[in-house]
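Reading through the structure tokens given below for one structure.
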Amino acid sequence: MLSLDDLRRSEYPLLDQRGHVYLDYTAGNLCPLSLVERHLALLKTDILGNPHSGNPTASRASEFVDRARSAVLNFFNAAHDEWAVIFTANATQALKLVGESYPFTPTSEFLLTFDNHNSVNGIREYARARGAGVTYVPVVLPDMRVEPSEIEGYLVRPGGGGRRLFAYPAQSNFSGVQHPLEWIDLAKNHGWDVLLDAAAFTPTNRLDLGRWRPDFVVQSFYKMFGYPTGVGCLVARREALRRLRRPWFAGGTITVASVQGDKYYLAEGEAGFEDGTPNYLALPAIEMGLEYLQTIGIEAIHARVREMTDPLIQQLVALQHANGQPLARMYGPRSNDRRGGTVTFNLYDRQGLPIDHRLVEEQASAANISLRTGCFCNPGGGEIALGITGTELSSCFHQPEHETHLTIDDFRLCIDGKSTGAVRVSVGLVTNAADVSAFIALARRFLL
Ligand SMILES: Cc1ncc(COP(=O)(O)O)c(C=O)c1O
């Protein structure tokens, strides 16, 4: 077994050759050389055709699609007769499948935490369009966790009769907080269907679907192993899948559809949800990518991320201006307890005024450091972290000139004086101490 430092040299040689400090693993993992080479070798030696045909090249492609499905189930320890894997373009498309098909009614409810990604937030529009109630559960500073009694209060209260959906991220892409997977059992015991957004969790944590049984799990593979992009999945309990009502049909999703007879019959199981031609050339690389992770070991990756996150946080929060003012204010837990390798913060000057996150990004880019700034498609996390209130937002959104159009610059002016974003640094499987030091050196440049 290669050490992770050896792996960095052999699989990601460009990082050190180009002197690049990559600290944006929450956005996407890096592409390992051997995975691309293995995939390319397959494409050079096999003839794969559109699996919707019945010819030999189609059958060969179907074989790889089936193998990819099995590999995903095995990776997550999900029983093949209980769970289905629906391949999508990304986690977002998997979320959309659930949102558009969930049987929301006026007596239904959609419950979600504040720190969801926009691709989960967007489901509220499907819920509202069908008259369902939408409720957000706040996360609380400084750790940005949910108060246990609060979530319990929401989950145990009786519903209105319609089906109820509870959605949350297993790990927040804003704060790195890992919310309890125990919420799944609690919610299900009180009649909720559970949608677990695992996109930021699965790259560095084991998700055991033999132990945890949410109804729907979504994620993107490029976040897990960097290659290929353009493939994600919805892993769903077959029983939960049967409750979904697709709003349309498409090529690949039906057994029979007729023009003159004006009727269609949806295919059962995964096929009924995979719109159009699957990404059949990329799918063989999913099995290879999962094998790649298994060879390294998800526990080893998890341990590496913890090992890098702790010094990153401790060094960052220790930085002080000459007058004793702390340089950084973090949004999320400062200890390694129940958190991932995503560290979000803003820098402040010696008077305690925020330093524009765009300036930090500019300086980082000049130093060949890739990090992320803004709100990371997680507006609820941003609003809590930055203390932007509902009243402020509503007065901004209700200005006549903002009825249909609002640029990010308009938004900045609107919530005058407050920071509209933050800086996010995230570590991954081949982050090393030098990466952490390079970032801390960058932060030090803002000290006065
Ligand atoms: C927690 C979380 N959910 C969902 C998504 C959406 O993933 P994708 O853009 O691959 O659809 C992301 C992407 O950053 C994420 O971090």
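In our numbering, each residue carries its 1-based index in the sequence shown increased by 485.
We put the CB at the ideal spot given by N, CA and C, even for glycine.
In this text, all values refer to a predicted model and were calculated from it rather than measured experimentally.
Sorry if obvious, but does the Cβ on T511 come closer than 7 Å to a heavy atom of ligand 1?
Stepping through the sequence shown from its first residue, residue 511 is reached at position 26. Yes.
Given 7 Å as the limit, tell me if A664 has its C-beta closer than that to any heavy atom belonging to ligand 1.
If you number the sequence shown from 1, residue 664 lands on position 179. A small correction: the amino acid at residue 664 is His; Ala does not occupy that position in the sequence shown. No, the beta carbon of H664 sits no closer than 7 Å to any heavy atom of ligand 1.
Give the straight-line distance between the Cα atoms of E724 and H787, rounded to the nearest whole angstrom.
Position 239 of the sequence shown holds residue 724. Position 302 of the sequence shown holds residue 787. Rounded to whole angstroms, E724 to H787 spans 32 Å at the Cα level.
With a threshold of 6 Å on Cβ separation, who are the neighbours of V741 within its own chain once the five nearest residues in sequence on each side are excluded?
On the sequence shown, position 256 is the one that residue 741 refers to. Result list for V741: Y750, in chain order.
Could you spell out the range, first to last residue, of the beta strand (DSSP E) harbouring W668?
Taking the sequence shown and counting its residues from 1, the one referred to as residue 668 is at position 183. Here W668 belongs to no beta strand (DSSP E); instead the alpha helix (DSSP H) covers 667-674.
When the Cα atoms are used, what is the spatial distance from Q805 to L844?
Along the sequence shown, read from residue 1 onward, the residue named residue 805 stands at position 320. Along the sequence shown, read from residue 1 onward, the residue named residue 844 stands at position 359. So the alpha carbons of these two residues sit roughly 19 Å apart.
Could you check whether the Cβ of A576 sits closer than 7 Å to any heavy atom belonging to ligand 1?
Mapped onto the sequence shown, residue 576 falls at position 91. Because some heavy atom of ligand 1 lies under 7 Å away, the Cβ of A576 counts as near it: yes.
Fully enclosed by the segment 755-794, which alpha helix (DSSP H) runs are 4 residues long or longer?
769-781
Distance check for T689 and F561, CA to CA, integer angstroms please.
As a first step, residue 561 is located in the sequence shown; it is residue number 76 there, counting from the start. As a first step, residue 689 is located in the sequence shown; it is residue number 204 there, counting from the start. Computed Cα separation, rounded: 13 Å.
Across which residues does DSSP place N831 in a beta bridge pair?
Walking along the sequence shown from the start, residue 831 turns up at place 346. For N831, which the question treats as bridged, DSSP gives the partners R814.
Shorter than 8 Å from the beta carbon of Q810 to some beta carbon of chain D?
No chain D appears in this structure, which consists of one protein chain only.
DSSP bridge partner residues for I739 (one or two, in chain order)
As a position in the sequence shown, residue 739 is number 254, starting the count at 1. I739 is bridged to L751.
Got a sec: does ligand 1 put a non-hydrogen atom nearer than 7 Å to the Cβ of N853?
Taking the first residue of the sequence shown as position 1, residue 853 is located at position 368. No - ligand 1 has no heavy atom lying nearer than 7 Å to the Cβ of N853.
Which residues does DSSP pair with D920 in a beta bridge?
Reading the sequence shown from its first residue, position 435 is the one you call residue 920. Beta bridge pairing from DSSP links D920 with no other residue.
Along the alpha helix (DSSP H) that carries L871, what are the first and last residues, could you check?
In the sequence shown, residue 871 corresponds to position 386, counting from 1. Here the alpha helix (DSSP H) through L871 covers 864-871.
Starting from S705, follow the beta strand (DSSP E) in both directions and report where the run begins and ends.
Start at 1 with the first residue of the sequence shown, and residue 705 comes out as number 220. Where S705 is concerned, the enclosing beta strand (DSSP E) stretches over 701-705.
With a threshold of 7 Å (Cβ to nearest heavy atom), would S911 be considered close to ligand 1?
As a working mapping, residue 911 is identified with position 426 in the sequence shown. Outside the cutoff, so no.
Considering only C-alpha positions, which residue in the set K673, K708, W668 is nearest to T687?
Counted from its first residue, the sequence shown places residue 687 at position 202. Minimum Cα distance to T687 is reached at K708.
Between the segment 878-896 and the segment 833-840, do three or more beta carbon pairs fall short of 8 Å?
no
Consult DSSP for G638 and reduce its assignment to one of helix, strand or coil.
Against the sequence shown, residue 638 aligns to sequence position 153. Helix, per DSSP.
When you compare the CB positions of A569 and E759, do they come within less than 8 Å of one another, or not?
For the purposes of this step, residue 569 is taken as the residue at position 84 of the sequence shown. For the purposes of this step, residue 759 is taken as the residue at position 274 of the sequence shown. Result no, Cβ atoms of A569 and E759 do not sit closer than 8 Å.
Segment contact, 8 Å Cβ cut-off, at least three pairs: the segment 614-634 with the segment 650-666:
yes
Closer than 7 Å: A870 CB and nearest ligand 1 heavy atom:
Sequence index remark: in the sequence shown, residue 870 carries index 385 (1-based). Checking the Cβ of A870 against ligand 1 gives no.
Inter-residue spacing [alpha-carbon to alpha-carbon] between P588 and G513
Along the sequence shown, one-based indexing puts residue 588 at 103. Along the sequence shown, one-based indexing puts residue 513 at 28. Going from the Cα of P588 to the Cα of G513 covers about 32 Å.
Where the beta strand (DSSP E) through R613 begins and ends
As a working mapping, residue 613 is identified with position 128 in the sequence shown. Note, R613: premise wrong, no beta strand (DSSP E); alpha helix (DSSP H) at 608-614.
So G717 and N606 are in contact, right, with Cβ under 8 Å, and what is the actual spacing, rounded?
Taking the sequence shown and counting its residues from 1, the one referred to as residue 717 is at position 232. Taking the sequence shown and counting its residues from 1, the one referred to as residue 606 is at position 121. Incorrect: roughly 17 Å between the Cβ atoms, too far for contact.
Does DSSP put D551 in a helix, a strand or coil?
Numbered from its first residue, the sequence shown carries residue 551 at position 66. Residue state, collapsed to three classes: helix.
Could you compute how far the alpha carbon of G645 sits from the alpha carbon of T592?
What you label residue 645 is simply residue 160 of the sequence shown in a count that begins at 1. What you label residue 592 is simply residue 107 of the sequence shown in a count that begins at 1. Those two C-alpha atoms are separated by around 5 Å.
First and last residue of the beta strand (DSSP E) that includes V622?
For the purposes of this step, residue 622 is taken as the residue at position 137 of the sequence shown. Looking at the DSSP string, the run of the beta strand (DSSP E) that includes V622 is 618-622.
Indicate, with yes or no, if ligand 1 has a heavy atom lying under 7 Å from the CB of G817.
Position 332 of the sequence shown holds residue 817. Not so, every heavy atom of ligand 1 lies at least 7 Å from the Cβ.
Quick check: what's the CA-CA separation for Y934 versus G676?
It is not possible to answer for residue 934, since the shown part of the chain is limited to 486 through 933.
C-alpha gap between S922 and R930, whole angstroms:
As a working mapping, residue 922 is identified with position 437 in the sequence shown. As a working mapping, residue 930 is identified with position 445 in the sequence shown. Spanning the two alpha carbons is a distance of roughly 13 Å.
Identity of the residue in I532, S904, S538 nearest G736 by Cα:
Residue mapping note: residue 736 aligns to position 251 of the sequence shown, counting from 1. Ranking the options by Cα distance to G736, first place goes to S538.
Please state if the CB of E637 and the CB of L671 are separated by a distance shorter than 8 Å.
Your numbering for residue 671 matches position 186 in the sequence shown. Your numbering for residue 637 matches position 152 in the sequence shown. The answer is yes: Cβ separation under 8 Å.
If you drop the 5 nearest sequence neighbours on each side, which residues of the same chain put their C-beta closer than 6 Å to that of T827?
Your numbering for residue 827 matches position 342 in the sequence shown. T511, G661, S911.
Leaving out five residues on either side along the sequence, give the residues of the same chain with a beta carbon under 7 Å from the beta carbon of L520.
Reading the sequence shown from its first residue, position 35 is the one you call residue 520. So the list reads F710, Y712, A770, M773, G774, Y777, once near-sequence residues are dropped.
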